[in-house]
Amino acid sequence: MERPIVQLDRYDRQILELLQQDGRISNQELADRIALSPSACLRRLRALEESGLIRGYRALLDARKLGLSLMALIHISM
Numbered sequence: 163m164e165r166p167i168v169q170l171d172r173y174d175r176q177i178l179e180l181l182q183q184d185g186r187i188s189n190q191e192l193a194d195r196i197a198l199s200p201s202a203c204l205r206r207l208r209a210l211e212e213s214g215l216i217r218g219y220r221a222l223l224d225a226r227k228l229g230l231s232l233m234a235l236i237h238i239s240m
C-alpha cells in the first residue's frame with residue numbers, strides 16, 4: 163500500500179533542494195541557509211525521512227577516475 167502524497171511547504175522544499183546539492187551539509191548550515199533554528203530544521207528533516215520522501219544518502223562516484231568506463235547497478239527481486 164502506497165503512502166499518501168506528502169504536502170511540502172517552502173521550508174521543506176528548500177531543505178530538499180539543498181540536500182540534493184550537498185547531501186553532507188550539516189544541520190547547522192542547512193538551518194542557517196533557510197533561516198530556521200537548528201532544532202526546527204532537524205525536526206523537519208527527520209519528518210521528511212520518516213515520511214519516506216528522503217530514502218537515503220549516497221556517495222556519487224566518478225567512474226572515469228576509478229578507471230571504469232561503465233558501471234551498472236542491478237537489483238533483482240524474485
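Positions 163 to 240 (this note's numbering) are the ones given, in order, by the sequence shown. Backbone N, C-alpha and C fix where the C-beta goes; we use that ideal spot for every residue, glycine too.
Cα-Cα separation between residue i and residue j, rounded to whole angstroms
| i | j | result |
| --- | --- | --- |
| Asp174 | Ile238 | 33 Å |
| Ala225 | Ser231 | 7 Å |
| Ala193 | Met240 | 42 Å |
| Gly185 | Arg220 | 8 Å |
| Asn189 | Asp171 | 18 Å |
| Glu212 | Gln176 | 17 Å |
Test item: CB-CB of residue i and residue j under 9 Å
| i | j | result |
| --- | --- | --- |
| Leu210 | Leu178 | yes |
| Leu198 | Ile187 | no |
Buried or exposed by the 16-neighbour rule on C-beta atoms within 10 Å, applied to residue i
| i | result |
| --- | --- |
| Arg206 | buried |
Residue interval of the alpha helix (DSSP H) (run including residue i)
| i | result |
| --- | --- |
| Ser201 | 200-212 |
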